[in-house]
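Which chain is which? The protein sequence lines are C and U, in order. Here full-length UniProt numbering is used: the first residue of the first sequence is 1, the next is one more, and so on. Here full-length UniProt numbering is used: the first residue of the second sequence is 1, the next is one more, and so on. We put the beta carbon where it would ideally sit given N, CA and C, even for glycine. Below: one structure, written as structure tokens.
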Amino acid sequence: MTPVLATALAILIGAAIAYILGFDPFVAYGALLTGAFGNTMAISSTLAGAVPLALAGLGVSVAFRAGLFNIGAEGQYWIGVIAAVWFGYHLTGWPGWLHTLVCVVAAAVAGGLWGGLIPGLAKAYRGAHEVITTMMMSYIAIYFGQYLIAAGGPMHAPGYNAQSYPIRQDAWLTVLVPPQLTTAVFFALGTAVAVWWVMFHTTVGFRLRTVGANARAARYAGILVPAYTVLALGLSGLLAGLAGGVQVLALDHRLMWGFNTGYGYTAIVVALLARNHPFGVLLAAVFFSALSTGGQNMQMVSQLPSSLTDVLTGLIVFFVAAERMVPLAIAWYRRRRGVRVQVAAAGEGGREA
Amino acid sequence: MSVLTNPQLWASTLAMTVPLALPAIGGTFSERAGVVNIAMEGIMLMGAFFGVAFSYWTGSAWLGLVFGVLMGGLLAAVFAWAAIRLAADQVVLGMAVNIFASGLTAFLLNTLFGYEGTPPDTPPLPFVSLPWLGPVFSHQSVLLYVMFAIVALSHWFLFHTRIGLRIRAVGENPLAADTAGLNVWRLRYAGVIVGGMLSALGGVYLSIGILNSFDVGMTNGRGFIALAAMIFGKWTPVGSFLASLLFGFSTALGIALQGQGVSPDLLSMIPYVLTILALTGLVGRSTPPAADGIPYTPIR
Numbered sequence: 001m002t003p004v005l006a007t008a009l010a011i012l013i014g015a016a017i018a019y020i021l022g023f024d025p026f027v028a029y030g031a032l033l034t035g036a037f038g039n040t041m042a043i044s045s046t047l048a049g050a051v052p053l054a055l056a057g058l059g060v061s062v063a064f065r066a067g068l069f070n071i072g073a074e075g076q077y078w079i080g081v082i083a084a085v086w087f088g089y090h091l092t093g094w095p096g097w098l099h100t101l102v103c104v105v106a107a108a109v110a111g112g113l114w115g116g117l118i119p120g121l122a123k124a125y126r127g128a129h130e131v132i133t134t135m136m137m138s139y140i141a142i143y144f145g146q147y148l149i150a151a152g153g154p155m156h157a158p159g160y161n162a163q164s165y166p167i168r169q170d171a172w173l174t175v176l177v178p179p180q181l182t183t184a185v186f187f188a189l190g191t192a193v194a195v196w197w198v199m200f201h202t203t204v205g206f207r208l209r210t211v212g213a214n215a216r217a218a219r220y221a222g223i224l225v226p227a228y229t230v231l232a233l234g235l236s237g238l239l240a241g242l243a244g245g246v247q248v249l250a251l252d253h254r255l256m257w258g259f260n261t262g263y264g265y266t267a268i269v270v271a272l273l274a275r276n277h278p279f280g281v282l283l284a285a286v287f288f289s290a291l292s293t294g295g296q297n298m299q300m301v302s303q304l305p306s307s308l309t310d311v312l313t314g315l316i317v318f319f320v321a322a323e324r325m326v327p328l329a330i331a332w333y334r335r336r337r338g339v340r341v342q343v344a345a346a347g348e349g350g351r352e353a
Numbered sequence: 001m002s003v004l005t006n007p008q009l010w011a012s013t014l015a016m017t018v019p020l021a022l023p024a025i026g027g028t029f030s031e032r033a034g035v036v037n038i039a040m041e042g043i044m045l046m047g048a049f050f051g052v053a054f055s056y057w058t059g060s061a062w063l064g065l066v067f068g069v070l071m072g073g074l075l076a077a078v079f080a081w082a083a084i085r086l087a088a089d090q091v092v093l094g095m096a097v098n099i100f101a102s103g104l105t106a107f108l109l110n111t112l113f114g115y116e117g118t119p120p121d122t123p124p125l126p127f128v129s130l131p132w133l134g135p136v137f138s139h140q141s142v143l144l145y146v147m148f149a150i151v152a153l154s155h156w157f158l159f160h161t162r163i164g165l166r167i168r169a170v171g172e173n174p175l176a177a178d179t180a181g182l183n184v185w186r187l188r189y190a191g192v193i194v195g196g197m198l199s200a201l202g203g204v205y206l207s208i209g210i211l212n213s214f215d216v217g218m219t220n221g222r223g224f225i226a227l228a229a230m231i232f233g234k235w236t237p238v239g240s241f242l243a244s245l246l247f248g249f250s251t252a253l254g255i256a257l258q259g260q261g262v263s264p265d266l267l268s269m270i271p272y273v274l275t276i277l278a279l280t281g282l283v284g285r286s287t288p289p290a291a292d293g294i295p296y297t298p299i300r
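Here you go:
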């Protein structure tokens with residue numbers, strides 16, 4: 001089903017659920033909209049939340065284009081956060097812009113290695129399915145992060161809370177529109193353009209897409225499929241790691257307990273909804289960020305729990321995946337109408353006789 | 001060493017095994033029939049939530065169990081329909097089911113029971129002690145014993161009955177099975193739905209087996225550890241159970257060693273590391289059923 005149709009259907013079903021439970025769907029969705037775009041602060045939060053979704057979503061889409069399902073963007077995201085934070089508080093006396101750059105590059109490289117090295121090599125040379133390996137690596141990353149900041153862990157800052165030392169302020173990204181929108185937004189826009197250019201205007205991008213379209217044909221065309229598998233997963237992880245690094249430099253500035261925010265999971269949904277097009281990813285990222293920031297406002301204003309937005313997300317993904325529902329429904333409708341037409345014709349024939 | 005001889009550790013290992021082994025065996029049924037299933041987490045949540053809800057509404061934990069399992073089966077049936085009839089991408093569908101179920105259960109918890117959580121007077125399933133088996137089997141949920149039966153029955157069913165053979169056949173080579181006159185779709189539906197019900201039973205265990213309440217996201221990733229257990233157990237019920245036992249042990253050990261200088265977080269990585277090693281063939285090679293994840297269009 002086309003993403004727009006799937007979204008519309010999910011929103012309708014959500015309205016029906018709200019109505020059945022005694023809520024006014026217009027009040028609820030109205031509050032969701034104002035919560036996401038109603039004023040400068042809302043827009044700032046929505047766009048800020050869209051940045052990591054867009055970057056990680058770009059990552060997932062690059063893998064998808066190469067026919068690979070990187071389900072572990074969440075872990076690559078956290079590896080990126082860990083790397084950025086580590087360089088963020090260890091380096092001293094560097095110029096601010098260079099410090100930021102080092103942190104961002106470290107995050108991207110770490111994410112790339114996490115996603116590309118083990119899952120990529122395991123897929124290319126041992127045939128281990130990347131869905132499972134990236135997912136497993138994701139959990140390993142999350143537990144690794146928790147280990148680092150737990151009491152006694154190597155990055156644990158003294159105190160009761162499980163959190164790391166903060167990144168030095170000179171490396172923080174600059175706030176453009178308070179409260180949350182920072183220069184991180186330029187990373188998202190720039191990366192989207194870069195991914196678009198690489199995927200559609202370079203030989204490497206062409207080869208990646210060829211591997212995704214038909215791996216066997218790609219091999220006969222002389223493309224080193226294993227190498228491009230590793231490259232695709234590596235690039236994918238690189239972008240997810242970049243998402244983590246940019247986000248932590250923009251907002252939290254440290255590795256914290258309860259850091260399981262799920263950007264990496266939503267990024268998969270973003271890529272799916274965008275049909276893996278880089279600019280579509282930007283739009284879809286804003287959409288899902290709006291759902292999440294607007295959902296908070298919806299809950300406050302209309303008492304409708306914000307978890308409804310997860311129900312909507314689940315439905316959207318389901319409908320996008322189950323695209324054959326549409327031809328099936330059309331065929332069913334035609335059959336029924338066909339039967340009715342036949343009955344009517346039979347009726348008329350009877351009268352004539 | 002005293003940690004290892006403490007019966008508490010082994011009792012809690014068994015208690016931790018149940019919510020892994022049941023969904024792992026559930027996943028085994030689904031994947032043996034040829035449908036990749038990463039939706040165990042979501043289906044468990046459905047079982048957990050509706051187990052509590054119906055236990056409270058009917059006043060009977062056993063009815064809660066039945067309805068929890070049925071709701072899990074229902075969600076699995078929808079998943080199966082899209083995966084089999086609509087030939088949709090099974091990994092994407094599994095994700096959709098997980099997101100949907102985590103949203104729906106949180107949403108229903110708050111709309112039906114308010115923000116204070118499920119009622120404290122919800123009846124739980126009984127605990128059973130078998131004193132002659134030692135302290136390890138004291139005060140364990142009745143579902144622990146049910147799990148042992150399910151492990152044995154599933155093994156017998158999949159490997160020693162005709163219908164078990166047929167389910168495995170459609171997961172290995174659906175065209176051959178179809179040519180031999182088997183109904184590939186129906187067998188796949190059976191595998192996914194039975195598997196969904198087993199996963200839901202794992203969720204029921206968490207909510208009314210060891211507690212009598214539901215919490216948002218209370219499965220806490222167990223559906224994915226179960227996925228790992230299924231793979232590490234080489235897509236067999238007994239293997240899934242043994243892997244779950246190992247993973248349950250690493251969790252229980254992490255809790256027992258808390259504050260003794262061993263990081264529970266590092267211990268928690270064990271299932272995932274072992275799974276990657278198993279898939280890459282470094283620790284006993286694990287190979288999925290040949291037609292796992294590939295939709296099938298019957299010959300007509």
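In the segment 139-152 of chain C, which residues sit with their C-beta less than 8 Å from some C-beta in chain U, listed in chain order?
-> Tyr139, Ile140, Tyr143, Phe144, Gln146, Tyr147, Ala150, Gly152
When the Cα atoms are used, what is the spatial distance from C:Gly349 to C:Val339?
-> Within the first sequence, the letter at position 349 stands for residue 349 of chain C. Within the first sequence, the letter at position 339 stands for residue 339 of chain C. Residue confidence for C:Gly349 is low, a pLDDT of 48 falling below 50, so the modelled location carries little weight; the figure read from the coordinates is stated next. Cα to Cα, C:Gly349 sits roughly 15 Å from C:Val339.
Whose C-beta lies closer than 6 Å to the C-beta of U:Phe232 among residues of the same chain, with five residues either side of it excluded?
-> Here residue 232 of chain U is taken as the residue at index 232 of the second sequence, counted from 1. Closer than 6 Å at the Cβ level, and outside the excluded window around U:Phe232, lie Ala243, Leu274, Thr275, Ala278.
At what residues does the alpha helix (DSSP H) containing C:Leu5 begin and finish?
-> Here residue 5 of chain C refers to the residue found at position 5 when the first sequence is read from its first residue. It spans 3-20 - the alpha helix (DSSP H) in which C:Leu5 sits, taken as one unbroken run.
Per-residue DSSP class, three states only, for C:His156 = For this step, residue 156 of chain C is matched to residue 156 along the first sequence. In the structure shown, C:His156 sits in a strand (DSSP, three-state: E or B).
Limits of the alpha helix (DSSP H) - the one that U:Leu9 falls within | Residue numbering aside, residue 9 of chain U sits at position 9 when the second sequence is read from its first letter. Per DSSP, U:Leu9 belongs to the alpha helix (DSSP H) from 7-32.
Starting from the Cα of C:Gly245, find the closest Cα among C:Ala184, C:Ile43, C:Phe288 and give me that residue.
-> For the purposes of this step, residue 245 of chain C is taken as residue 245 along the first sequence, with counting starting at 1. Here the closest residue by C-alpha is C:Ala184.
The segment 107-124 of chain U touching the segment 214-234 of chain U, judged by at least three CB pairs closer than 8 Å | yes
Within 8 Å of chain C by C-beta, residues of the segment 92-103 of chain U in sequence order | Val92, Leu93, Met95, Ala96, Val97, Asn98, Ile99, Phe100, Ala101, Ser102, Gly103
Classify U:Pro295 as helix, strand or coil using the three-state DSSP reduction.
-> For the purposes of this step, residue 295 of chain U is taken as the residue at position 295 of the second sequence. The answer is coil: DSSP assigns U:Pro295 none of H, G, I, E or B.
With distances taken from CA atoms, which of U:Ser154, U:Ala252, U:Ala256 is nearest U:Pro271?
-> Indexing the second sequence from 1 puts residue 271 of chain U at position 271. Here the closest residue by C-alpha is U:Ala252.
Quick check: the segment 265-284 of chain C against the segment 102-118 of chain C, are there 3 or more CB pairs under 8 Å?
-> no
According to the neighbour-count rule (16 or more other Cβ atoms, all chains shown, within 10 Å of its Cβ), is C:Phe319 buried or exposed?
-> One-based indexing of the first sequence puts residue 319 of chain C at position 319. That one is buried.
So which residues of chain C does U:Phe224 contact, with C-beta pairs closer than 8 Å?
-> As a working note, residue 224 of chain U is residue 224 in the second sequence. The answer, in chain order, is Met135, Tyr139.
Who are the near neighbours of C:Glu352 in its chain, counting only those whose CB is closer than 8 Å to its CB and skipping five residues on each side?
-> Looking up residue 352 of chain C in the first sequence gives position 352. Residue placement at C:Glu352 cannot be trusted, given a pLDDT of 41 that sits under 50; what the coordinates show is reported in the next sentence. For C:Glu352, where only same-chain residues beyond five positions count, there are no Cβ hits under 8 Å.
Residue range of the alpha helix (DSSP H) that includes C:Val230 = If you number the first sequence from 1, residue 230 of chain C lands on position 230. Start and end: 225-247.
Which value, in whole angstroms, describes the spacing of the CA atoms of C:Arg278 and U:Ile299?
-> Stepping through the first sequence from its first residue, residue 278 of chain C is reached at position 278. Stepping through the second sequence from its first residue, residue 299 of chain U is reached at position 299. At residue 278 of chain C the sequence reads Pro, which differs from the Arg that was named. Whole-angstrom Cα-Cα distance: 39 Å.
What is the DSSP secondary structure of C:Gly350, counted as helix, strand or coil?
-> The residue given as residue 350 of chain C occupies position 350 in the first sequence. Below a pLDDT of 50, predicted positions are generally treated as unreliable, and C:Gly350, at 43, falls in that range; no measurement from the model is reported.
Roughly how many angstroms separate the alpha carbons of C:Trp114 and C:Ala83, rounded to a whole number?
-> On the first sequence, position 114 is the one that residue 114 of chain C refers to. On the first sequence, position 83 is the one that residue 83 of chain C refers to. The alpha-carbon atoms of C:Trp114 and C:Ala83 are separated by roughly 11 Å.
Counting contacts by CB-CB distance shorter than 7 Å, is C:Gly349 in contact with chain U?
-> Within the first sequence, the letter at position 349 stands for residue 349 of chain C. In this prediction, C:Gly349 scores a pLDDT of 48, lower than 50, which makes its location untrustworthy; no coordinate-derived value is stated.
From C:Ala329 to C:Arg337, what does the alpha carbon distance come to, in whole angstroms?
-> Counting from 1 along the first sequence, the entry for residue 329 of chain C is found at position 329. Counting from 1 along the first sequence, the entry for residue 337 of chain C is found at position 337. Rounded to whole angstroms, C:Ala329 to C:Arg337 spans 12 Å at the Cα level.
In three-state DSSP terms, what is U:Gln140?
-> Here residue 140 of chain U corresponds to residue number 140 of the second sequence, with the count starting at 1. Residue state, collapsed to three classes: strand.
Chain U contact residues for C:Ala322, given Cβ-Cβ distances below 8 Å = As a first step, residue 322 of chain C is located in the first sequence; it is residue number 322 there, counting from the start. Chain U residues near C:Ala322: Ala82, Leu86, Ala88, Leu93.
So U:Leu28 and U:Thr236 are in contact, right, with Cβ under 8 Å, and what is the actual spacing, rounded?
-> Counting from one through the second sequence, the residue named residue 28 of chain U turns up at place 28. Counting from one through the second sequence, the residue named residue 236 of chain U turns up at place 236. The sequence given here has Thr at residue 28 of chain U, not Leu. Yes, U:Thr28 and U:Thr236 are in contact; Cβ-Cβ is about 7 Å, under 8 Å.
Shorter than 7 Å from the beta carbon of C:Leu308 to some beta carbon of chain D?
-> In the structure shown, chain D does not exist; the protein chains are C and U.
With DSSP collapsed to three states, give me the class of U:Val78.
-> On the second sequence, residue 78 of chain U is found 78 positions in, with the first residue counted as 1. Three-state result, U:Val78: helix.
Exposure label - U:Val151; buried when at least 16 CB within 10 Å = Walking along the second sequence from the start, residue 151 of chain U turns up at place 151. Flag for U:Val151 reads buried.
Determine the direct distance from the alpha carbon of C:Leu282 to that of C:Val102, and round the result to whole angstroms.
-> For this step, residue 102 of chain C is matched to residue 102 along the first sequence. For this step, residue 282 of chain C is matched to residue 282 along the first sequence. Computed Cα separation, rounded: 25 Å.
Chain C beta carbons: is any one of them nearer than 7 Å to that of U:Asp265?
-> Residue mapping note: residue 265 of chain U aligns to position 265 of the second sequence, counting from 1. Closer than 7 Å: yes.
Please list the residues of the segment 109-127 of chain U that have a C-beta atom closer than 7 Å to any C-beta atom in chain C, keeping them in chain order.
-> Asn110, Thr111
U:Gly281 touches chain C at which residues, Cβ-Cβ below 7 Å?
-> Along the second sequence, read from residue 1 onward, the residue named residue 281 of chain U stands at position 281. Within chain C, the residues near U:Gly281 are Arg126.
Sequence ranges, alpha helix (DSSP H) only - wholly within the segment 258-288 of chain U, length at least 4 | 264-268, 270-279
Which of helix, strand or coil does DSSP assign to U:Phe127?
-> For this step, residue 127 of chain U is matched to residue 127 along the second sequence. In this structure, U:Phe127 counts as strand in the three-state DSSP scheme.
If you measure from the beta carbon of C:Phe318 to each beta carbon in chain U, is any gap under 7 Å?
-> Mapped onto the first sequence, residue 318 of chain C falls at position 318. By this cut-off, C:Phe318 is an interface position.
Enumerated in chain order, which unbroken segments of the alpha helix (DSSP H) with a length of 4 residues or greater are wholly contained in the segment 120-159 of chain C?
-> 130-149
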